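Asks:
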Amino acid sequence: MKKTKGGLMSFNNFLSTSRNREISFKNFAQSATFNTNSVGILFIMNIDTAICTKSSTPFAEVSKVGFYKDQEEEILFSTHAIFRIDRIERIPDNHSDRLYEVNLTIVGNDNHELNTLTAHLREESTWATGWARFGDILIQL
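Throughout the sequence shown, residue numbering follows the numbering used here, covering 90 to 230 in sequence.
Here you go:
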């Protein structure tokens, strides 16, 4: 991730986020460092809802049905949300040197870099459509 600072990233599953930094930090990022094979990452996200709406990035406020209810202030994003990696910094921690804060900004469909990448992927797999094209792209990754 450090090598792709300034680049784009997406999550390959639904993304549960919280407006409550303490819950995110203590229950997820910091607790990951107790496993020596893990790195704890606290993602700080800059979300412009206008970009989400304009680019059809589905998200929902799910505080009423989440595990922590209103304490977490949970927002759920769909699987194809794309973010720009703005900043990566190590969080000082007495237990580990594997704890980081990563600042992300949501990217819309009108992003030039994203559109260039999408066009390139389409050109490389002109022989296929639908699931075959998707499979070809995954193989190339």
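The beta carbon of each residue, even a glycine, is placed where N, CA and C say it ideally should be.
This one's a predicted model, so the numbers in the text were calculated from it and none came from an experiment.
#1: Relative to the alpha-carbon of ILE65, which residue among ILE171, PHE223, SER99, VAL191 has its alpha-carbon at the smallest distance?
#2: Cα separation between THR194 and ILE130?
#3: Can you tell me whether DSSP reads GLU202 as helix, strand or coil?
#4: Can you list, in chain order, the residues of its chain whose CB lies under 8 Å from that of ILE174, leaving out five sequence neighbours each side?
#5: What are the boundary residues of the beta strand (DSSP E) that includes ILE136?
#6: Assuming contact is defined by CB atoms lying nearer than 8 Å, are THR168 and PHE100 in contact in what I supplied?
#7: What first and last residue would you give for the beta strand (DSSP E) that runs through SER105?
#8: Within 10 angstroms of the Cβ of ALA170, are there 16 or more other Cβ atoms? Answer buried if so, exposed if not.
#9: Is the stretch 154–169 touching the stretch 104–120 in the sense that three or more CB pairs, one from each, lie closer than 8 Å?
#10: Start and end of the alpha helix (DSSP H) containing GLU111?
Replies: Taking the geometry as given:
#1: Only positions 90 to 230 of the chain appear in this structure, which leaves residue 65 out of reach.
#2: Cα-Cα distance, rounded: 16 Å.
#3: helix
#4: Close CB contacts of ILE174 within its chain, under the 8 Å cut and outside five residues either way in sequence, are with MET90, THR93, LYS94, GLY95, GLY96, LEU97, MET98, VAL191, ASN192, LEU193 (chain order).
#5: Careful: ILE136 lies outside any beta strand (DSSP E) and carries neither H nor E.
#6: yes
#7: 104–107
#8: buried
#9: yes
#10: 110–113
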